[in-house]
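Residue numbers (the numbering used here): 1 to 69.
In this text, a Cβ means the ideal position worked out from N, Cα and C, and glycines have one as well.
A short worksheet on the structure shown next.
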Ligand SMILES: [Zn+2]
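So, in C-alpha cells, the structure goes:
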C-alpha cells in the first residue's frame, strides 16, 4: 500500500491583466461613444480605456461611422 501523494502545484500567473471586464463594459459604450451620447464620465471612461487597449480602438474604428448629414 503506497500512499501516493500527488501534489499538484497550481501556478497562477501573477500579473494577469484583467482587461476583459473593462473591454466588455467599453464595448457596450462604443456605439454610444460614436454617436456622442455618453456622459462626460462615460466618455472619459472610454477614452481612458482606449489609451491602453488597442483592441477596443480597433473595434471603434472597425465600424464605419454612419453619420447622416
Ligand atoms: Zn478594451
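Check, Outcome
"Buried/exposed call for residue 15, threshold 16 Cβ in 10 Å", "Reliability of the predicted coordinates at residue 15 is poor, the pLDDT of 49 falling under 50, and the value obtained from them is presented with this limitation in mind. By the 10 Å Cβ count, residue 15 comes out exposed."
"Local conformation of residue 38 per DSSP, three classes", "coil"
"Residue closest to residue 22, alpha-carbon to alpha-carbon, out of 62, 36, 61 and 56", "56"
"Endpoints, the alpha helix (DSSP H) within which residue 54 is located", "54-62"
"From 29, 36 and 37, residue whose alpha carbon lies closest to that of residue 49", "29"
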